[in-house]
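K.L.:
One structure, pasted below without further comment.
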Amino acid sequence: MSSRSDFKYPKVVETPSRFRNAIGKYRLHRTDDCIACGKCVEVCPYGVHVAKRGMVLVKHPYRCVGPECPDPCYKNCPQNALSLRRNQDFDALGDFRWTADLLASTWHMAEYGHVPDAGLEYKTGNSGGGFDKLRLVLPRAEGNSAAGNGAEIPDMGLNLNRRGDESYRIRIPVPFYGGGMSYGSVSIHTMLSRVRAAAALGTFCCTGEGGYPDELQPYDDHIITQVATGLFGVREETIQRVRIVEFKYAQGAKPGLGGHLLGDKVTASVARMREAVVGYPLFSPFPFHSVYSVEDHKKHVDWVKAMNPKALVSVKVSTPTDVDMVAVGSYYAGAHIIHLDGSYGGTGAAPEIAKKNIAMPIEYALPKVHRFLEEEGVRDKMTVIASGGIRTPHDIAKIIALGADGICIGTADLVALECVRCLNCESGRGCARGIATTDPELMNLISQDWGTQRIINMYLAWLEELGRILKRLRMKSIRELVGRTDCLVHLDHLKKI
Amino acid sequence: MPKKYVIHTRIVPHRFEPVTPSGIIAWEEGCLKCAVCVKTLCIYGVYDHRGLNATQMIDSIDNECMNCFRCVQSCPKELIHKSMNPEFKAIGDSYWAPNIIARLWYQAETGKIPVSGAGYPGPFSGPGFDSMWTDMSEIVRPTRDGIHGREYISTAVDIGKKPAFLTFDADGKPAEDVNAIIDIPLPIMLRIPSFGSITHGIVKGWAMAAERLGTLVAVPEEQMSADLAAFAGNIIPVVGESSSGAEVLRGYHPMVEIGAPEAVNVSGKFVEKQNPGAVTVVAIPLAEGIEQRVLGLAEAGFSVLHIQGSRKGSFVDDQSRSLKEGIRAVHVKLVESNMRDRVTLLASGGLAMAEHVAKAIICGADAVYVDFPLLIALECRMCRRCVKGLSCPVSIEEASPEWVALRSINLIGAWHNQLLEVMGAMGIRDARRLRGEAGRAMFFEDLDQATFGSLGELKEGFELE
């Protein structure tokens with residue numbers, strides 16, 4: 022068990038892109054006028070230029086921060102041989118929620134383990150509402166001695182069993198764990214990268230509903246196994262192997278729909294794991310046809326407790342209008358964790374109408390549940406986990422201030438593995454970039470060591486940034502931030518006093 | 075239980091290459107001629123069968139590229155790039171956005187629900203129907219597994235007069251006319267769009283689609299032709315005050331629409347004389363005071379009322395007010411006046427995506443008319459050249475009625491499945507029960523105010539990050 026004193030975070034190891042040309046926001050053009058004087062190599066703080074065999078090259082253009090550079094090479098060049106322009110490839114990337122800036126800054130964090138120095142908006146996206154309109158309210162920084170600098174590193178830990186019952190007392194040293202992605206929707210390399218990163222951080226990662234591959238066994242202590250409506254690969258033995266079992270009632274991206282794995286992705290190994298037929302699409306039913314009430318739900322929880330009496334039970338639900346009733350019902354059924362997955366959450370395949378229109382965004386659902394559990398007097402007995410469109414350390418701080426205890430991560434892990442959000446996870450052989458695929462050739466585009474370190478680096482960058490925010494709020498623990506809506510402002514409702 | 079309603083769709087290819095959001099720029103100059111070129115590694119084989127559509131000047135790689143960026147990121151000389159297509163950005167307008175049009179093309183071609191990987195990429199919310207979310211059922215109440223046909227969900231609705239009770243005269247006969255009720259298997263009727271390169275053949279194609287779908291199509295009187303006689307039972311002629319000749323009607327029509335409320339007296343008499351017993355719809359432009367006008371007509375005995383919004387889903391006299399708002403106001407007014415169950419409310423204007431149908435019904439409509447999506451199903455780019463008398467870039471006027479019918483059926487088939495998806499998630503088994511279920515929807519205005527309304531304070535000495 023990880024306690025605060027003996028746990029040490031892993032180290033950052035620089036882990037560059039697995040592709041030859043990493044995509045950056047800017048491009049630098051060098052003309053033949055260059056005399057290889059080396060001035061640019063000298064002034065650039067980011068290592069964009071490299072001198073090699075009497076030549077100077079723009080070796081790492083993606084590192085360039087553009088006009089925000091404190092001492093730009095193109096202004097220092099004695100020959101005027103350098104010019105800066107925006108990279109058109111960059112402008113073909115991204116969307117409203119995951120802007121190109123957010124993608125590139127996540128790649129930066131996965132490579133270096135720190136937030137970008139300049140040039141990229143890494144805090145918010147461009148969706149025009151929710152997280153992207155919320156801002157943290159921080160005491161004004163005073164000169165260089167920003168409040169709390171140099172003080173003790175804030176405590177990021179989170180107890181997952183707040184009921185204080187006979188089940189495992191699990192404390193994770195970070196306020197997040199990995200969300201479910203099934204074997205089949207993603208490759209074993211992707212799964213292992215996520216699980217190993219979670220283990221390195223002392224936290225957890227969920228299997229999703231596609232079964233429990235043997236390769237995960239060494240990490241049993243860091244795995245949440247999921248029981249979803251299809252019951253794929255769920256066996257007594259897999260329930261007994263873990264410390265946390267998650268019931269997936271619904272998924273934010275496709276509320277009212279079960280999982281959907283297209284035929285092409287049902288390869289021999291996936292079919293074996295799911296006890297299905299190769300090449301046939303798999304639709305999980307919806308809902309659990311054994312659960313039509315909170316009493317039925319309690320039966321589910323009791324069933325897990327009969328098999329694995331010490332396991333924590335997490336209940337993953339989507340966000341209907343009566344999500345608060347669902348949450349309080351889960352408490353009375355004996356669950357330890359209520360996991361709310363907002364409507365803008367991730368998926369491997371879902372109808373677009375469901376992603377956009379059904380159920381509410383997490384920014385609305387979470388405060389509603391938080392308040393309702395408080396009024397019911399059971400808030401401090403439940404661990405409330407939020408997910409569904411949480412992309413950055415700032416999103417984490419905002420949702421915790423709105424009332425969450427911790428968060429669950431999905432898409433951001435995949436972006437660390439260089440997902441470009443082309444939205445083609447579901448089609449044909451799956452992801453062309455080897456992340457969400459079970460194609461033997463494509464999945465080998467990722468090595469486990471590379472993937473693990475990229476995700477660890479991103480987590481470490483998040484923790485560093487969260488630590489900076491907490492220090493500025495003069496908080497010693499992330500627990501102090503829970504429900505502190507006075508630390509937030511919504512730009513549409515802002516009135517200056 | 076009535077027989078399950080299924081719309082059979084099949085692939086109906088486009089006649090013109092669709093405009094795509096982005097393209098590939100691949101330079102040849104400086105190419106190293108690597109033994110294994112990154113282009114050969116494309117998992118979609120985009121470069122293998124590259125071709126140029128010479129009439130449209132479209133390179134097939136632009137249409138087939140799936141945006142994985144692998145070639146861009148792997149070429150040792152960085153000769154391959156992606157770029158946004160300005161032509162794509164230019165199609166449509168602020169309301170009929172390029173993405174909406176492209177998705178309609180896809181549905182008309184395949185008949186399938188658009189499915190994709192990864193979470194929702196769009197804006198948090200938007201105007202009109204984009205500022206509401208539909209509810210879903212979970213644990214504390216059951217859903218319906220409708221989408222794959224595993225549980226029965228009915229989408230049928232009735233249009234016509236619905237008296238709350240019957241009255242009888244001394245002979246025991248009904249004292250007033252009990253008008254016919256028209257039962258359609260889905261809450262969608264078709265309507266001829268107000269512009270487009272629309273010929274008699276195109277209208278015939280839509281009439282064929284209406285017949286095969288079991289629904290109706292509203293056709294303005296000037297577009298009625300002899301071609302339509304065979305489809306009279308599926309056509310709603312839209313008549314104006316000037317309609318006097320019987321040539322507007324082509325046989326007996328079970329439903330007739332009066333195009334303007336000013337014309338109700340004159341046109342009403344004409345319809346009653348020429349087409350007795352038909353269900354009469356009165357169209358009312360969506361404008362300030364709509365709820366009073368609808369109520370007035372309902373009290374005057376008109377039983378089917380059609381709220382006609384602008385092409386962009388707004389009030390015709392105020393672009394800042396949406397069709398959503400108009401339908402809700404009318405519905406609430408009728409409920410308060412104890413009139414709601416006596417009338418059928420139809421809505422039209424700016425219904426551009428499948429979710430708009432479900433949302434219009436949740437706001438209070440019984441059924442909707444779909445217009446421009448039918449034109450976009452025929453590859454229309456909403457460029458409005460036809461309005462200026464210029465040629466249509468996709469020669470819609472040359473399309474065959476059969477192709478028009480099949481593309482339209484595909485589109486409506488995809489929309490019907492999406493309606494099932496929304497209803498299934500809500501746990502609603504009957505489209506009649508969906509009407510006015512605003513309590514099973516979540517509105518941006520309410521949620522944002524309730525959640526964030528109090529988060530507006532920035533005290534001295536603090537800053538935002």
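Those protein sequence lines, which keep their order, are chains V and E. In this text, residue positions in the first sequence follow the working numbering: the first is 22, and each later residue adds one. In this text, residue positions in the second sequence follow the working numbering: the first is 75, and each later residue adds one. Where a beta carbon is used, it is the ideal one built from N, C-alpha and C, also for glycine. Please read all numbers here as calculations on a predicted model, not as lab measurements.
1) Taking 7 Å as the CB-CB cut-off, is V:L159 touching chain E?
2) At what residue ranges does the segment 109 to 158 of chain E contain a whole run of the alpha helix (DSSP H), taking only runs of 4 or more?
3) Go ahead and label V:I56 buried or exposed: buried means 16 or more other beta carbons lie within 10 angstroms of its beta carbon, across all protein chains shown.
4) Using C-beta distances below 6 Å, list every residue in its chain close to V:N147, excluding the 5 sequence neighbours before and after it, in chain order.
5) Is E:K228 close to chain V, meaning its C-beta is less than 7 Å from at least one C-beta of that chain?
6) Between E:V146 and chain V, is any beta-carbon pair separated by less than 7 Å?
7) Is the closest heavy atom of the ligand FAD to the C-beta of E:A374 under 6 Å?
8) Please identify the residue among V:L387, V:A437 and V:L444 whose C-alpha is closest to the C-alpha of V:I417.
9) If we require 4 or more residues per run, which alpha helix (DSSP H) segments fall completely within the segment 474 to 511 of chain E?
10) For E:R367, tell me which candidate among E:H405, E:T129 and E:W280 has the shortest Cα-Cα distance.
11) With E:G234 as the anchor, note down where its beta strand (DSSP E) starts and where it stops.
12) Which residues in chain V have a C-beta closer than 9 Å to the C-beta of E:C142? List them in chain order.
13) List, from N- to C-terminal side, the alpha helix (DSSP H) runs of 4 residues or more that fit wholly inside the segment 364 to 421 of chain E.
14) List the residues of chain E that V:M346 touches, going by C-beta distances under 9 Å, in chain order.
15) Note down, in chain order, every chain E residue with its Cβ under 9 Å from the Cβ of V:R546.
16) Alpha carbons only, please: which of V:G488, V:C508 and V:A131 is nearest the one belonging to V:I174?
17) Could you say if the segment 302 to 319 of chain V and the segment 212 to 219 of chain V meet the contact criterion of at least three C-beta pairs nearer than 8 Å?
18) Name the DSSP bridge partner or partners of E:G97?
19) The beta strand (DSSP E) with E:P359 in it runs from where to where?
20) Got a sec: which bits of the segment 422 to 442 of chain E sit with their beta carbon under 9 Å from any beta carbon on chain V, in order along the chain?
21) Would V:K275 and V:T413 be called neighbours here (beta carbons separated by less than 7 Å)?
22) Whole-angstrom Cβ separation of V:P467 and V:A437, contact assumed at under 8 Å?
23) Tell me which residue opens and which closes the alpha helix (DSSP H) that V:K275 is part of.
24) How many Å lie between V:D285 and V:V77 at the Cα?
25) Excluding five sequence neighbours on each side, which residues of the same chain lie with their C-beta closer than 6 Å to the C-beta of V:D345?
26) Any beta-carbon of chain E closer than 7 Å to the one on V:A274?
27) Using 7 Å as the limit for Cβ to Cβ distance, is E:W54 near chain V?
28) If the cut is a Cβ gap below 7 Å, which residues of chain E does V:K376 touch?
29) For E:A487, which residues in chain V fall below 8 Å Cβ to Cβ?
30) Counting pairs of Cβ atoms below 8 Å between the segment 397 to 413 of chain V and the segment 305 to 315 of chain V, do you hit three or more?
31) Identify whether E:Y169 lies in helix, strand or coil by the three-state DSSP scheme.
32) Bridge partners for E:R265 per DSSP, in chain order?
33) Interface residues of chain V around E:G535 at Cβ under 7 Å?
34) Hey, how far is the Cα of V:K32 from the Cα of V:Q247?
35) Hey, how far is the Cα of E:I540 from the Cα of V:G455?
36) Is the segment 376 to 393 of chain E close to the segment 411 to 425 of chain E, with three or more CB pairs under 8 Å?
P.N.:
Result, derived from the coordinates:
1) For V:L159, the nearest CB of chain E lies under 7 Å from its own CB, placing it at the interface with that chain.
2) Assignment of alpha helix (DSSP H) within the segment 109 to 158 of chain E, counting only whole runs of 4 or more residues, yields 134 to 138 and 144 to 148 in chain order.
3) Of the residues assessed, V:I56 falls on the exposed side of the cut-off, its CB having fewer than 16 other CB atoms within 10 angstroms.
4) Excluding sequence neighbours, V:N147 sits near F117 and T120.
5) Checking the displayed sequence, the identity of residue 228 of chain E turns out to be Ser instead of Lys. Contact of E:S228 with chain V is not assigned, every C-beta pair being separated by 7 Å or more.
6) With a threshold of 7 Å between beta carbons, E:V146 makes contact with chain V.
7) Here there are no bound small molecules, and the ligand FAD is not part of this structure.
8) Of the candidates V:L387, V:A437 and V:L444, the one whose C-alpha sits nearest the C-alpha of V:I417 is V:L387.
9) Listed in chain order, the complete alpha helix (DSSP H) runs (minimum 4 residues) inside the segment 474 to 511 of chain E are 475 to 500 and 505 to 508.
10) Ranked by Cα distance from E:R367, the options E:H405, E:T129 and E:W280 are led by E:H405.
11) Membership of E:G234 in the beta strand (DSSP E) is indicated by the continuous run V231 to G234.
12) Under the 9 Å cutoff, chain V gives V441, C443, N445, C452, A453 and R454.
13) The segment 364 to 421 of chain E contains these whole alpha helix (DSSP H) runs: 364 to 373 and 397 to 410.
14) Against V:M346, the close residues of chain E are I213 and V214, in the order they occur along the chain (beta-carbon pairs closer than 9 Å).
15) Look at the range of chain V in this structure, 22 to 518, and you will see that residue 546 of chain V is not part of it.
16) The residue from V:G488, V:C508 and V:A131 with its alpha-carbon nearest to that of V:I174 is V:G488.
17) Segments in contact, no.
18) Partner(s): E:S157.
19) According to the DSSP assignment, E:P359 belongs to the beta strand (DSSP E) that extends over V353 to P359.
20) So the close ones are M427, A428, E429, A432 and K433.
21) Between V:K275 and V:T413, the C-beta spacing is not below 7 Å.
22) It is worth fixing the name first, because residue 467 of chain V is Ile in this sequence and not Pro. Not quite, the Cβ-Cβ distance comes to about 11 Å (not below 8 Å), so this is no contact.
23) Run containing V:K275: none; DSSP gives neither H nor E here.
24) The C-alpha of V:D285 lies about 47 Å from the C-alpha of V:V77.
25) So the list reads K389, V390 and F393, once near-sequence residues are dropped.
26) For V:A274, the closest Cβ of chain E is nearer than 7 Å.
27) Lying before the first or after the last residue shown, residue 54 of chain E is absent from chain E, which here runs from 75 to 539.
28) Per Cβ cutoff of 7 Å: G193 and Y194.
29) The sequence shown places Gly at residue 487 of chain E, rather than the Ala named in the question. Contacts between E:G487 and chain V, judged by CB atoms closer than 8 Å, are missing: the closest CB pair is about 14 Å apart.
30) Touching, no.
31) Of the three classes helix, strand and coil, the one that applies to E:Y169 here is coil, per DSSP.
32) Beta-bridge pairing links E:R265 to E:A292.
33) Those within 7 Å of E:G535 in chain V are P160 and R161.
34) Straight-line Cα distance between these residues: approximately 30 Å.
35) Residue 540 of chain E lies beyond the residue range present for chain E, which begins at 75 and ends at 539; the question has no answer from this structure.
36) The segment 376 to 393 of chain E, when compared against the segment 411 to 425 of chain E, does touch it at the 8 Å Cβ threshold.
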